[in-house]
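> Its first residue numbered 1, the sequence shown is counted upward by one per residue in the UniProt record's numbering.
From the three backbone atoms N, C-alpha and C, an ideal C-beta is built for every residue, glycine too.
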Amino acid sequence: MNSHYGLLDDSLQNHFSKAKTPPEMLKFIKKYVIYSENESKRGRHLFLIGNPLEKYSNYKLEMKEFNTKCLSFLINTATSSKNPKWSSESQAYLGVAYELGLFGLEPNGKNAFSYYSVAAQQNNEDGTFRVGQCYEKGIGIKQNISNAIYFYRCSAKLGSIFGLHTYGSILLRGELDTPSDFDTGLFYLKLATKKTDESYPYTYYDLGQSYESRTNVFEVEPDDDYAFRLYEKGANLNCPNSQYRLARAYETGELFQKVNMKISIEYYFKSANNGQIDAQYALSRYLFIGIENVLEQDLKNAYLYALKAASRGQGEAAFTVGEFIETGCGTKKRELLALWWYTISSNFGNKKGQSKMANLRYEVNMKDDGSKRGSIFCCL
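Structure (structure tokens):
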């Protein structure tokens, strides 16, 4: 399922069909918004296998009805509801709809900022956080980092998990030209973990990084065992980064774990299927060679996982995709497409891609030149 085609997976369809009351609709829309944002970040819309119009053409009318129902609900609730909580939530989600182009709307940063601002004025925690994002990224308003920090802090104090996580991380690392405040940052990050669930599972990973000896640069005693347990909590909630870290731990024996490639591969699959590009590339390599009694060699899926990672900027994966295509391994052999991927890899700074690009370009040019010359046997 790709949210950029407006389609709902089975879980979302089931949730939508059961949403009858305003609280149920708002809960569904929150889930849909998070899902859509995650899909956008994963970049699944960049490369498609096959023709989506053939598979999904029957859903066009259904999605039109879905968009109309959701948009009408949000507008009516935002403007007419006597419940201030429902009204402010709807204002915030209308802002998201304009920012991402959901429910049939065209993306419009100014409209998004306007709706977020109204929600923030009503002390809506997520609307307040979104105003901070607009100021940080310049969405619908001139970029202003000082204002961004202010609204992130306000949203954290209002209890937004997004605000708690973001503001805590900023203080912890001294980001956005903010002086580092380790104790306060860790405090907010720990508060964020208390609100963590499957819809937003990412806080455990950052907290784990703070305690892991390999990545610890803060004023805290490293504790790899505690870090591992934090990653486990995140992984159980489908956090792709936590799943990737566990895959690495079981692969290498880090974080006091025994090497176990079966468990490692299981976590690589989970992380890769949740969009983690380093996991996708690692899984591609293992599928290419196979692992005795653990993983069968699968060249087609090795190519596809490399393609997923490459499509989102993993330079080594882009080079690997070029190799797959140049040799016809797991996919059709096409030299010009391979050259394109080597060029992409080179643009990502991959030196092997630069060398391969030059060599293959020379070979392709030689073939083109040869095809233009007449055969010396043309008169025989």
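Between Lys55 and Glu39, what straight-line distance do the alpha-carbon atoms span, to the nearest angstrom?
Reliability fails at Lys55, whose pLDDT of 47 lies under 50, so the model's placement of it is uncertain and the value that follows must be treated cautiously. Answer to the nearest angstrom: the Cα atoms are 19 Å apart.
> For Leu283 and Tyr250, I'd like the C-alpha separation in whole angstroms.
Going by the C-alpha atoms only, they are around 14 Å apart.
> Counting only runs of 4+ residues fully inside the stretch 104-182, write out the alpha helix (DSSP H) ranges in chain order.
Those alpha helix (DSSP H) runs which fall completely within the stretch 104-182 and span 4+ residues are 109-121, 125-137, 145-157, 161-173.
> Compare the beta carbon distance of Gly159 and Glu198 with 7 Å and say whether it is the shorter of the two.
Result no, Cβ atoms of Gly159 and Glu198 do not sit closer than 7 Å.
> On the premise that Ser155 lies in contact with Phe162, defined as a C-beta separation below 8 Å, what is that separation, rounded to the nearest angstrom?
Indeed they touch by this definition, with Cβ atoms about 7 Å apart.
> Of all the CB atoms in chain C, is at least one closer than 7 Å to the CB of Ile325?
No chain C appears in this structure, which consists of one protein chain only.
> Based on Cα-Cα distance, which residue from Val220, Ile139, Glu99 lies nearest to Asp181?
Here the closest residue by C-alpha is Val220.
> In the DSSP assignment, find the unbroken alpha helix (DSSP H) run with Ile265 in it and report its ends.
Unbroken alpha helix (DSSP H) run through Ile265: 261-273.
> Looking at the structure shown, is Leu295 part of a helix, part of a strand, or coil, going by DSSP?
Looking at Leu295 - three-state DSSP - the assignment turns out to be strand.
> Using the rule of at least 16 other Cβ atoms within 10 Å of the residue's Cβ for burial, across every protein chain shown, is Asn76 buried or exposed?
Exposed, because fewer than 16 other Cβ atoms sit within 10 Å of the Cβ of Asn76.
> Which first and last residues belong to the alpha helix (DSSP H) in which Ala318 is found?
Residues 315-327.
> In or out: Val259 buried (at least 16 other Cβ within 10 Å) or exposed?
Classification of Val259: exposed, given that the 10 Å Cβ count is below 16.
> For Asp224, does the three-state DSSP call read helix, strand or coil?
Looking at Asp224 - three-state DSSP - the assignment turns out to be helix.
> Counting only the same chain and skipping the five closest in sequence on each side, list residues whose C-beta sits under 6 Å from that of Leu191.
Answer for Leu191: Leu164, listed in chain order.
> I'd like to know whether the C-beta atoms of Ala78 and Glu99 end up nearer to each other than 7 Å.
The answer is no: Cβ separation not under 7 Å.
> Taking a contact to mean a Cβ-Cβ separation below 7 Å, would you say Ile325 touches Arg334 in this structure?
Yes. Within cutoff.
> Could you tell me if Leu66 is buried or exposed, where buried requires 16 or more neighbouring beta carbons within 10 angstroms of its beta carbon?
Here the sequence assigns Phe to residue 66, which means Leu is not the residue at that position. The residue in question, Phe66, is buried, as its Cβ has 16 or more Cβ neighbours within 10 Å.
> Given a cut-off of 7 Å, decide if Tyr244 and Gln276 are closer than it, judged by their beta-carbon atoms.
Yes, Cβ-Cβ distance for Gln276 and Tyr244 is below 7 Å.
> Grab the span of the alpha helix (DSSP H) containing Tyr204 for me, first residue to last.
Counting along the chain, the alpha helix (DSSP H) containing Tyr204 begins and ends at 203-211.
> Provide the residue span of the alpha helix (DSSP H) that contains Arg248, from first to last.
Its alpha helix (DSSP H) spans residues 240-252.
> Report the CB separation of Tyr135 from Tyr167 in whole angstroms; it is logged as a contact under 8 Å.
At roughly 13 Å, the Cβ-Cβ gap does not stay under 8 Å, so Tyr135 and Tyr167 are not in contact.
> Rounded to the nearest angstrom, how far is the Cβ of Leu360 from that of Leu339, given a contact under 8 Å?
Going by Cβ atoms, the distance from Leu360 to Leu339 rounds to 5 Å, so yes, they are a contact pair.
> Let me know the secondary structure DSSP gives Thr196 once reduced to three states.
Thr196: coil per DSSP, three-state reduction.
> Which class does Lys85 belong to by DSSP, given the choice of helix, strand or coil?
Helix, per DSSP.
> For Thr215, which residues in the same chain have their Cβ closer than 7 Å to its Cβ, ignoring the five residues on either side in sequence?
Excluding residues within five positions, the ones whose Cβ falls inside 7 Å are Gln209.
> Along the chain, where does the alpha helix (DSSP H) that runs through Asn14 open and close?
Looking at the DSSP string, the run of the alpha helix (DSSP H) that includes Asn14 is 10-18.
> Measure the alpha-carbon distance for Thr21 versus Lys69 and round it to whole angstroms.
In a straight line, the C-alpha of Thr21 is about 13 Å away from that of Lys69.
> Rounded to whole angstroms, what is the Cα-Cα separation between Pro23 and Trp86?
Looking at the two C-alpha atoms, the distance is approximately 7 Å.
> Considering only the alpha carbon of each residue, which of Tyr267, Pro222, Glu254, Asn123 lies closest to Ser242?
Checked all of Tyr267, Pro222, Glu254, Asn123; the closest Cα to Ser242 is Tyr267.
> Let me know if Ala247 comes out buried or exposed under the rule of 16 or more other beta-carbons within 10 Å of its beta-carbon.
Its Cβ being crowded by 16 or more others within 10 Å, Ala247 is buried.
> Reducing DSSP to helix, strand and coil, say where Asn347 ends up.
Helix.
> Under the rule that 16 or more other beta-carbon atoms within 10 Å means buried, what is Ser371, buried or exposed?
With a pLDDT of only 48 at Ser371, under 50, the local geometry of the prediction cannot be trusted, and the value read off the model is given with reservation. Counting Cβ neighbours within 10 Å, Ser371 comes out exposed, since fewer than 16 surround it.
> Going by other Cβ atoms of all chains shown within 10 Å of its Cβ, with 16 needed for buried, is Asn14 buried or exposed?
Per the 10 Å Cβ criterion, exposed.
> Is Tyr93 near Leu105, with beta carbons less than 7 Å apart?
No, the pair does not count as a contact, with Cβ atoms beyond the cut-off.
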